[in-house]
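A.B. asks: Numbering (this note's numbering) for the sequence shown: 812 to 1230.
Ideal Cβ placement from N, Cα and C applies to all residues, glycine included.
I have a structure here, written as structure tokens, and I will follow up with some questions on it.
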Amino acid sequence: MSKDVTDWCKSCVVCQQTRPRNGYLDGQLNPLQVPVRLWQVVSIDFVTGLLRTERGYDAFATFTDKLSKMVHVVPMLYADSSAAQIARMYFDQVWRLHGAPMKIVCDRDSRFRDEMHLELHRLMGVQIASTTPYHPQGDGQAEHTNHTVERMLRAYVDANQHDWDLWCTPVEYAINDSRSAVTGFTPFELTYAVKKGTAHETARQFVRQLQLAREKLLLAQQQQIAQYDARHKARSYAVGDEIWVDATYLTQPGDRGLHKKLLKTRLGPLRVLEVFHSDRQMALPASDRGAPSAYRLQTPKQWKVHDVFTVDRLSPVESSSRFVERAKEIPPPPLDVSGRKETHVERVERSRTRQRQGMRWTEYLVKWTGMPRSENEWKTREDLEWDGAGRPGVPNRALLEFERIEAKRMEREKLRVAP
């Protein structure tokens, strides 16, 4: 009896979607590979939303070399910038000093993901490596640079914060002239070999410094991996598996206006379409790569998000072979209505009024029979005007029931506010 109760509760779909996720997240640490030469891999990020300065800047971009930790801080006007302008800014501010990198690591900005990739590839033939959404640790180097620059600017800006752009150059110099706790050298020393001596001695010392810095970076990376993996277990999924995805940063149709605390904490189940390993894993033999670090999921078309998620945002669907009657309900086949396929409407959950170009109309949030809430869609009355038997122009029964309930609710509201 005890095992039956445990299996029953563990395989409950509603419980899996609503209970909080405690403990450490799944997945092990898969950092980027340590570069072998200077400015081979560059991290790019932006700090936006700053007050506009007298010179017209409202943000700054940071460019960080993954090996030497050298930083370039460039003020910019982010509000009106395009992907091509940012690519050109990199070309003018960084490429002219250090040459073209092999890889640029940046977050997944919808404006720059495709256009910036094409522009940088056209200018320099650079590969763009975008992090997965809502996963800032995917480019921890850029995040660390941003925090350092912000902390230093706080100490220098005036009370109205209108002169922060004037301090970007001194801050950049101070960072590049500071000794790194990881490499043991300043970025200037690793980049320009600014030690006095003969040319031959300087060259040999420069090579030794780079080798030592890279060895220290590799050692620090291995220590981070060991500490992280000791508390996080590996979790692997295969193509075709169905899994839950964390709902923290996802918004479904109809969620707006509802309190986040009472929404489901997991959405799905979603099917795995493709698995991805990090570049560090790909450098290993296939048998030694371990669990994938990210997965492409079959997301509903209503979700306007990137469909690749890191493993820490996923969790397995718990099922029980002891209760086969609780298998996931199979959606009924769609109906053919006037030459188009329509799905059964289970109920209408909400309505909203839309307005565009002087026209107003009402949309209804539809819950389809046998489909999860992630498949809910906003539909107009014209979309729902059929009776389930192929007769167009007849209001859907679920829509009529929703309007009846809404009419009663409005009547009660009028009586409540009446004097």
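Could you tell me if T997 is buried or exposed, where buried requires 16 or more neighbouring beta carbons within 10 angstroms of its beta carbon?
C.D. replies: It is buried - the Cβ of T997 has at least 16 other Cβ atoms within 10 Å.
A.B. asks: If you measure between the beta carbons of L862 and H973, is that distance less than 8 Å?
C.D. replies: For L862 and H973, yes; Cβs fall inside 8 Å.
A.B. asks: Quick test of your reading: A1236 and V885, contact by CB under 8 Å. State the CB separation rounded to the nearest angstrom.
C.D. replies: Outside the shown range of the chain, which is 812 to 1230, sits residue 1236, and nothing can be said about it.
A.B. asks: Can you tell me the Cβ-Cβ gap for L1078 and Q1109, rounded? I've got them flagged as a contact below 8 Å.
C.D. replies: With 8 Å as the limit, L1078 and Q1109 do not qualify as a contact, their Cβ atoms being about 12 Å apart.
A.B. asks: CB of P981 to nearest heavy atom of the ligand GDP: below 7 Å?
C.D. replies: Although the ligand GDP was asked about, the structure shown includes no ligands whatsoever.
A.B. asks: Measure the C-alpha to C-alpha separation of L1084 and R1133 and round it to an integer number of angstroms.
C.D. replies: Each residue's Cα considered, the two are about 28 Å apart.
A.B. asks: So which of L1176, S1131, E1217, R1220 has the shortest CA-CA distance to V816?
C.D. replies: The residue with the shortest Cα to Cα distance from V816 is S1131.
A.B. asks: Answer with buried or exposed for V825, where buried requires no fewer than 16 other C-beta atoms within 10 angstroms of its C-beta.
C.D. replies: Exposed, because fewer than 16 other Cβ atoms sit within 10 Å of the Cβ of V825.
A.B. asks: Measuring only the C-alpha atoms, how far is D918 from L1195?
C.D. replies: Answer to the nearest angstrom: the Cα atoms are 40 Å apart.
A.B. asks: Starting from D876, follow its DSSP beta bridges and name the residues at the other end.
C.D. replies: V853.
A.B. asks: Should V847 and F874 be called a contact, given that it needs their Cβ atoms to be closer than 8 Å?
C.D. replies: Against a cut-off of 8 Å, the Cβ pair of F874 and V847 comes out as no contact.
A.B. asks: Buried or exposed, going by whether 16 or more other CB atoms sit within 10 Å of the CB of R1165?
C.D. replies: When all chains shown are included, R1165 counts as exposed.
A.B. asks: Counting beta carbon pairs with one atom in the stretch 1088–1097 and one in the stretch 1106–1122, are three or more of them shorter than 8 Å?
C.D. replies: The answer is no - the stretch 1088–1097 does not touch the stretch 1106–1122, with fewer than three Cβ pairs under 8 Å.
A.B. asks: Mind checking which residues open and close the beta strand (DSSP E) that includes Y901?
C.D. replies: Here Y901 belongs to no beta strand (DSSP E); instead the alpha helix (DSSP H) covers 894–901.
A.B. asks: Buried or exposed: where does R1124 fall if 16 or more other Cβ atoms within 10 Å of its Cβ makes it buried?
C.D. replies: When all chains shown are included, R1124 counts as buried.
A.B. asks: Relative to the alpha-carbon of P1064, which residue among D837, L849, W1179 has its alpha-carbon at the smallest distance?
C.D. replies: For P1064, the nearest C-alpha among the options comes from W1179.
A.B. asks: Which term fits A898, buried or exposed, when burial requires 16 or more other beta carbons within 10 angstroms of its beta carbon?
C.D. replies: A898 is buried by the Cβ-count criterion.
A.B. asks: Suppose you measure from the CA of T859 to the CA of T959; what does that come to, to the nearest Å?
C.D. replies: Going by the C-alpha atoms only, they are around 15 Å apart.
A.B. asks: With a threshold of 16 other CB atoms inside 10 Å of the CB of D976, please say whether the residue is buried or exposed.
C.D. replies: Result: buried.
A.B. asks: With the cut-off set at 8 Å, would you say A985 and D856 are in Cβ contact?
C.D. replies: Contact: no.
A.B. asks: Who are the near neighbours of A1031 in its chain, counting only those whose CB is closer than 8 Å to its CB and skipping five residues on each side?
C.D. replies: Only V993 meet the Cβ criterion.
A.B. asks: Let's test the definition: count the other Cβ atoms within 10 Å of the Cβ of G1051 and tell me whether it reaches 16, buried, or not, exposed.
C.D. replies: Answer is exposed; the Cβ neighbour count stays below 16.
A.B. asks: Can you tell me whether DSSP reads M881 as helix, strand or coil?
C.D. replies: Residue state, collapsed to three classes: coil.
A.B. asks: Do L1028 and S879 have their C-beta atoms within less than 8 Å of each other?
C.D. replies: Cβ distance not < 8 Å, so L1028 and S879 don't count as in contact.
A.B. asks: Pull up the CB-CB distance for R1167 and E1174, whole angstroms please, since I reckon it's below 8 Å.
C.D. replies: The Cβ separation is near 12 Å, so there is no contact.
A.B. asks: Please list, in chain order, all residues of the same chain as T1191 whose beta carbon is under 8 Å from its beta carbon, the five residues on each side excluded.
C.D. replies: Result list for T1191: W1172, T1173, E1174, Y1175, in chain order.
A.B. asks: Return no unless some Cβ of chain D is closer than 8 Å to the Cβ of A1041.
C.D. replies: Of the protein chains in the structure, only one exists, and it is not chain D.
A.B. asks: Which value, in whole angstroms, describes the spacing of the CA atoms of S989 and R866?
C.D. replies: If you take the alpha carbons of S989 and R866, they lie about 29 Å apart.
A.B. asks: So for G1150, helix, strand or coil by DSSP?
C.D. replies: For G1150, the pLDDT reaches just 46, beneath the cut-off of 50, and the residue's location in the model is therefore unreliable, leaving the point undetermined.
A.B. asks: If you draw a straight line from the C-alpha of N1187 to the C-alpha of E1160, how long is it?
C.D. replies: The straight-line gap from Cα to Cα measures roughly 9 Å.
A.B. asks: Would you check if the distance between the CB atom of T1121 and the CB atom of G838 is smaller than 8 Å?
C.D. replies: Going by C-beta atoms, T1121 is nearer than 8 Å to G838.
A.B. asks: Taking K1115 as the reference, give the member of L1061, E1129, G1101, D1090 with the closest Cα.
C.D. replies: When only C-alpha atoms are compared, the closest one is L1061.
A.B. asks: Under a three-way DSSP split, which group does Y1296 fall into?
C.D. replies: With the chain running from 812 to 1230 in the structure shown, residue 1296 is simply not present.
A.B. asks: Tell me whether the beta-carbon of F1087 lies closer than 8 Å to the beta-carbon of A1105.
C.D. replies: Yes.
A.B. asks: Quick one: grab the DSSP three-state call for Q1166.
C.D. replies: Reduced to three states, the DSSP call for Q1166 is strand.
A.B. asks: Take the Cβ of Q827 as the centre, count every other Cβ of all protein chains shown within 10 Å, and call the residue buried at 16 or more, exposed below.
C.D. replies: Q827 comes out buried.
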